[in-house]
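Inspection log for the structure reproduced underneath, given as structure tokens.
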Amino acid sequence: MNRSCLLVLSLTALATLTGPSRTEAQVRLDASGVAKRIDIFVEKKLREVKVTAAPRADDAEFLRRVHLDLTGRLPTLEKAAAFLDGKEPERRAKLIDELLASPEFGNHFARYWTELFVKRDGELNSKMKTTEFRAWLAEQFNKGVGWDQIVTKMLTVDDTSPAGFYLRANRLNGDRPSPAKVVGTSAALFLGTQLQCAECHNHPYTREWKQNDFWGLAAFYGRTRYENVANSKTRETRITEEDPPPPDPKAKNKKVVFLPKGGKIDIPDPLDAKKVRATVDAKLLDGSVPKLSETGPHRPHFARWLTDTKNEYFAQAAANRLWAILFARGLVNPLDDLNPKNAPSHPELLELLAEEFRVSGHDVRHVLRSICLSDTYQRTSKRTPTDPEDDNFSRMKVKFLQGEVLLKCLDQVLGAEPVVATKKKRDDTSIGTAELFDTSVYDDNPANYSFGAPQMLRLMNVDVPRRAPAAIARLLQTPAEPAQCLEKLFLQSLARRPTADESKMLLAHVAKAETPARGYEAVVWILLNSAEFVSHR
Amino acid sequence: MNPLRLSRREALKLSLATTLAGSVPWFEPLRAHAAQSAASGRTPPKQCILLWLGGGPSQAHSFDPKPGEHVGLLQTNVPGLHFSEYLPRLAQRMDKLALIKTMNHPNFGHGDAVIWMHTGYRNRDGGIERPSLGSIVTHAIGRPDAELPNYMVLDPGQAEGLFSMNGGHLGPRYNPLKVLPGQSIPDQRPEGSVTIDEIRSRASLLEQMNQSFLQHNHSDVAAGHHNSLSQALAIMRSSKTRAFNLDEEPIRVQERYGRGRMGQACLLARRLIEVGVPFVSAHLRDGLGNGWDTHMDTPDRNAILFRHLDVCFSALLDDLQARGLLESTLIICMGEFGRSRDGINHNNRIWTAVLAGGGLRTGQSIGSTGDNGLTATGYRPVSPGDLFATVLRGLGIDHTAGYTIRGGRPVDIVNANARVVEELF
């Protein structure tokens, strides 16, 4: 009866909110209002648990934090100096807008999502080429395309578009996406629900999700396959639901592919892939059965249901994830386990963010802008050993610079390393720096530093010593006093100026060095290997 | 409770104490610490060696032969148990081994099977990347301030199990250091014209900067970074890296292990155990780098591979025992599955894993495989999770504790259904 109503809870209330999207100007205007409401909900909880909020972060802390959060890059020397010397009262809000409008914003969030898609099956996907997909996804974010539309395109692509990466990353092996993987991944990443448990058995926690419900969704992908593009030199494939052309009578290997008609799928036995447990018809989780044509396309029905504003999990999952990206912790944890028994720490706040997301036309930037404008986001992460640990957002949590972000930040300070096109010999099993620092396949906590001695050794002994001389030569091209050189290096790497103690200590080291260049190389080595450099605080 | 956090915080205290000791080299307090615990008569810490026979070794040609099949049988020094003629030395050391003859998991292909046997779980079970055995063990008992990486893989090869040897959800901090044949820890020495002394003086300034940062920025990130930095500096200064210099061993010892690739990996494993590395995974292969996926070229390849294994595994057992380390060092010898009785095809349904040392009750076989070699007899099928639970128990690690991973999800160390092979304790 009531078996699949979970995804349509309390919908009457929401229906009134889903009017036409506001204009961008209205949304921008509203962001500061949303920020105030965020603070009200967070402070309410802090009063309940009797925790005092930490003070506001100073400009330098905010500057580096917001750059890394919104673009995955450090501020340039000039930008950092200008911001720190600025007097304009609105300069934080201006900076947030500026970063959200920069192309790096889209690149950064495209990287985040690409990594999530790859690591759903790292073993299978890690060798996939991601460049084109990332560029496409970055463009979507930068153009302000709604998240619902982006997801729809990935789920329904029927050409050679780079958006097809998503379905290709959910293949089992061979020539078609796996319907079960597509549904399991989409539910986890786009709805924040663990529907995948129902792939093999009825869901253990959410009794309403039966195995048939899972496969009813999978049936929308029963006809989806790759097809070689005729005359393509690059062996390009397109994604399609059409029947394949009849096999070439001259071909030796006449493999005939039969696609199910009208949205049906076999449920395989999880212990023996050759056995079929049952065959089910395409059916949405709200129980509705759309009228399907014999030969598709069937996927748009799935995508429409998934991204519909009536499906409240869609906006909640995205809002919760955006929050977690900034605060290293979601309002609901795990991020992909939204369910009635797993209550959010701040229910009103989650509803606020989800609602804003919906009403703004699933605008990622609106939600990020609102959060970044809040006092909650702008609190310091500084903490003495006596300050209590707190999971209610009384202070900012320190994250660490992960894989690619770390290497890009190093490039910013040291200058990008020229790409050397040397082919690895067959028996060369040595590990390159990018591979050594690759965090894309891990699920570890961003608030726990993840790298070990091998990575430290690589930076201390190889990458920084190798690349620092050229960077310092560039620095010294412009004649400057030692104190100014030191300041530049601090602004570039830590987005702040040195303290008096640091100046004294490091300038003394520079003065002792064989040559000034050698002295500054030591300074840059110290800064890049410091705890502060890897702290995204 | 998050065991990860606790251990890091404890670790931070320890490291800070070491740092504040001033000019004392990193390793001396540790050495003193080790000496102290030795003097107090405490049992040595548990360690683990995985002898990995990647590709799937044939049990019919080694630890579970049947009369009249393919190979001659040798009576071992435990009545009623026989090895193949390729394992004469190990047959004389069966009292130091425990066989589990009813290993079983559901995957027939190498890729998924490797993941089973490195992580104890099906590929992406629960939608997450699971840590490898070495990562689990070193997360639990590895020292964050050790002078050598806690988890090393010797001769890892290229293709097999790209991620399954890694830290999974524990993060890359728990990845193994991969050591290529004849090499040592990569990046131990500074490149270019920077000298060790220069690095040392830079490091002391870096320490000062980090100290003042840590005072006002107490966080798991800063603490974790501090630990990794300390370990990297410790490695650079450590005399323990000499363990990689196999030429320090007398020629006759090197020969006792066999001077091929397999023997050298076992000898290095022993030297790393001696200097206190808690988990060493030695991937054993022939001189050409080929493993145990012996399809049509069996039995000749099996003869070569197992005769090598017989030599180096025996030498390893003897040396660990002579040094008083066998009781505290648990050895696992296995691949991702076994083979059909003729050795030609894969067999994930019933195959043999070998354990040794670690204080286990050795000299016994857990279960047998009936007359046809294919029927689990006298014991239940043992799953990868069962084996992991058993090994962890042997290493004194609570396998029923859990982790908290990204997004606050609690996950098990081994599958909740896993049952320890109690007969080994």
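For the record, the sequence lines run as chains A and B. Everything in the first sequence is counted per the numbering used here, starting at 18 for the first residue and increasing by one. Everything in the second sequence is counted per the numbering used here, starting at 585 for the first residue and increasing by one. Note that the Cβ used here is the ideal one computed from N, Cα and C, for glycine as well. Values in this document were obtained by computation on a predicted structure and should not be read as measured data.
- The beta carbon of B/Glu-713 falls within 8 Å of a beta carbon belonging to chain A, placing the residue at that interface.
- Each of A/Ala-534, A/Pro-499, A/Ala-512, A/Ser-510 was checked against the Cα of A/Met-522, and the nearest Cα belongs to A/Pro-499.
- Residue environment analysis places A/Val-293 among the exposed positions, since fewer than 16 neighbouring C-beta atoms fall within 10 angstroms of its C-beta.
- Residues are counted here when their Cβ sits less than 7 Å from a Cβ of chain A; for the region 813 to 846 of chain B these are Leu-813, Gln-815, Ala-816, Ile-819, given in chain order.
- Per DSSP, the unbroken alpha helix (DSSP H) holding A/Tyr-129 starts and ends at 120 to 136.
- In the structure shown, B/Asn-931 adopts extended strand secondary structure according to DSSP, grouped into three states.
- Distance from B/Leu-790 to A/Ser-547 at the Cβ level is roughly 6 Å; contact confirmed, criterion being Cβ atoms closer than 8 Å.
- In the same chain as A/Asn-462, and ignoring 5 residues on each side of it, the C-beta atoms closer than 8 Å to its own belong to Ala-345, in chain order.
- Counting C-beta atoms within 10 angstroms of its own C-beta, A/Ala-152 has fewer than 16 neighbours from the protein chains shown and is therefore classed as exposed.
- Contact check for A/Phe-231 against A/Leu-212 passes: the beta carbons are separated by less than 8 Å.
- Residues of the region 786 to 812 of chain B with a C-beta less than 9 Å from any C-beta of chain A: Arg-786, Ala-787, Leu-789, Leu-790, Gln-792, Met-793, Asn-794, Ser-796, Phe-797, Leu-798, Gln-799, His-800, Asn-801, His-802, Ser-803, Asp-804, Val-805, Ala-806, Ala-807, Gly-808, His-809, His-810, Asn-811, Ser-812, listed in chain order.
- A direct Cα-Cα distance of roughly 21 Å separates B/Val-655 from B/Cys-896.
- Partner residues in the beta bridge of A/Asp-289, as assigned by DSSP, are A/Asp-286.
- Counting only runs of 4 or more residues that sit fully inside the region 302 to 382 of chain A, the alpha helix (DSSP H) segments are 316 to 324, 329 to 344, 364 to 376, in chain order.
- Taking 8 Å as the threshold, the shortest C-beta distance from A/Val-200 to chain B does not fall below it.
- Looking only at B/Leu-754, B/Asp-894, B/Phe-972, B/Ala-827, the smallest Cα-Cα distance to B/Pro-672 is reached by B/Asp-894.
- Positions of the beta strand (DSSP E) runs, each at least 3 residues long and wholly inside the region 938 to 996 of chain B, are given as 948 to 950, 986 to 989, 993 to 996 in order along the chain.
- Beta-bridge partners assigned by DSSP to A/Ser-552: A/Phe-417.
- Excluding its 5 nearest sequence neighbours in each direction, A/Pro-482 has C-beta neighbours in its own chain below 8 Å: Glu-538, Trp-542, listed in chain order.
- In the structure shown, B/Val-721 falls within a helical segment according to DSSP collapsed to helix, strand and coil.
- About 25 Å separates the CB atoms of B/Leu-761 and B/Val-938; that is not less than 8 Å, and the two are not in contact.
- Interface flag for A/Trp-340 against chain B is unset, since no Cβ pair is found closer than 8 Å.
- Residue state for A/Trp-542 is assigned as helix, using DSSP reduced to three classes.
- Taking a beta-carbon distance threshold of 8 Å, A/Asp-286 does not count as an interface residue toward chain B.
- Near chain A, meaning a CB-to-CB distance below 7 Å, no residue of the region 638 to 670 of chain B qualifies.
- Between B/Lys-650 and B/Gly-951, the C-beta spacing is not below 8 Å.
- Think of a sphere of 9 Å around the beta carbon of A/Ser-398: the chain B residues whose beta carbon falls inside it are Asn-801, Ser-803, in chain order.
- In the DSSP assignment, B/Trp-636 falls within the beta strand (DSSP E) that extends over 631 to 636.
- By alpha-carbon distance to A/Arg-484, the top candidate from A/Leu-427, A/Pro-533, A/Arg-513 is A/Leu-427.
- Take A/Trp-130, set aside five residues on each side of it, and the residues of its chain with a beta-carbon closer than 7 Å to its own are Leu-154, in chain order.
- With distances taken between CA atoms, B/Leu-904 lies nearest to B/Gly-860 out of B/Gly-860, B/Val-805, B/Tyr-705.
- For A/Tyr-183, the enclosing alpha helix (DSSP H) starts and ends at 182 to 186.
- Rounded to whole angstroms, the gap between the alpha carbons of A/Leu-544 and A/Leu-506 is 8 Å.
- Any Cβ of chain B closer than 8 Å to the Cβ of A/Ala-235 would place that residue at the interface, and such an atom is absent.
- Counting every other CB atom within 10 Å of its CB across the protein chains shown gives A/Asp-353 a total of 16 or more, marking it as buried.
- Counting only the Cα atoms, B/Leu-914 lies some 11 Å from B/Arg-945.
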